[in-house]
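Novice: After the structure tokens below, expect a handful of questions from me.
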Amino acid sequence: MSNYYFLMCLLPPMPAALGEKVPIGFGEIAGAIKRNVHPEHLDIVYAHIQSVDAFNWEQKDQGRELFLEGGLLSQEDMAGARALPDFIRVFREEKERGIHRAYIYDRLWELYYSSAYAVAERIGCRFLIDYLSWEIELRSSLAALRVREKGGNLDEHAILSAFNPRDYSNFIAQLKSQKNPLQTERYLDEERLRQIYRFEGGSSFSLDALLAYLSRSAIYCRWEKISEHFDIETYLWHGGSM
């Protein structure tokens, strides 16, 4: 795969800790990558970035005003249902017929993950194959935890059941020990950062490294937004409530 020496040197370093200021926003980061990626890698970059579109569609569809920059779809595109990717179009059609899931947006994410994973396999992108597998398996394990604690049918929460969850028991135990929801979110994202580092490979300028940077920057940019609303360190270590 082609290397990205210039682009990776152009992109700013991430901060030392979650919640600290990121030099530029995620929309600018995603835009720089979309403009400079090699044509043969556009599909895989777009597939990865469309997770933002999935999130934004879920928010819009529930009447929320939260919109993240950096996806392929603008707010106008979403309002007018223009240029929608297949996974959103299929979700809309299925929703009109009736989706029999405890949380219908599990189906939206199932369609997104299936689409992105298919692109990763077609191109042979090791980072995205491994990272999406990890995310899917984690989501299934967290769903199983909620069902055990609150009851329900696990099949109604399943995301791509062909993926068999690995043993997350120790991670889940640590997750449950967190003092408040924000601390839980931070623990999850710190684990995501560890997995991104693990999956990105040994080359600092490869396509895998570029996609890992994109994943990492999304997490850091999200926590910068969170820090605008919370004194994160005080909240985390003194058990604040949301």
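Okay, so the sequence shown: first residue is -7 according to the numbering used here, each after it adds one.
Just so you know, even glycine gets a beta-carbon here, dropped at the ideal spot from N, CA and C.
Note that the structure is a prediction, hence the values are computed from the model and not measured.
Assign residue 9 to one of two classes, buried (16 or more other C-beta atoms within 10 Å of its C-beta) or exposed (fewer than that).
Specialist: Counting Cβ neighbours within 10 Å, residue 9 comes out exposed, since fewer than 16 surround it.
Novice: Count the other CB atoms within 10 Å of the CB of residue 110; is the residue buried (16 or more) or exposed (fewer)?
Specialist: By the neighbour-count rule (16 or more Cβ atoms within 10 Å), residue 110 is not buried but exposed.
Novice: Would residue 63 be called buried (16 or more neighbouring beta carbons within 10 Å of its own) or exposed?
Specialist: By the 10 Å Cβ count, residue 63 comes out buried.
Novice: Sort 31, 93 and 19 by Cα distance to residue 65 and report the nearest one.
Specialist: For residue 65, the nearest C-alpha among the options comes from 19.
Novice: If you draw a straight line from the C-alpha of residue 12 to the C-alpha of residue 88, how long is it?
Specialist: Distance between the alpha carbons of residue 12 and residue 88 is about 42 Å.
Novice: Using the Cα positions of residue 106 and residue -5, report the straight-line distance between them to the nearest angstrom.
Specialist: In a straight line, the C-alpha of residue 106 is about 27 Å away from that of residue -5.
Novice: Measure the beta-carbon distance from residue 204 to residue 188 and round it to whole angstroms, keeping in mind my assumption that it falls under 8 Å.
Specialist: About 5 Å; that satisfies the 8 Å criterion.
Novice: Along the chain, which unbroken stretches of the alpha helix (DSSP H) at least 4 residues long are found entirely within the segment 187 to 227?
Specialist: Fully enclosed alpha helix (DSSP H) runs of 4 or longer: 199 to 219.
Novice: Could you tell me which of 177, 118 and 201 sits nearest to residue 1, measuring between CA atoms?
Specialist: It is 201.
Novice: Locate the alpha helix (DSSP H) running through residue 106, then write down its first and last residues.
Specialist: It spans 97 to 115 - the alpha helix (DSSP H) in which residue 106 sits, taken as one unbroken run.
Novice: Ignore the nearest five residues each way along the sequence and tell me which others in residue 117's own chain have a CB closer than 6 Å to its CB.
Specialist: The residues are 36.
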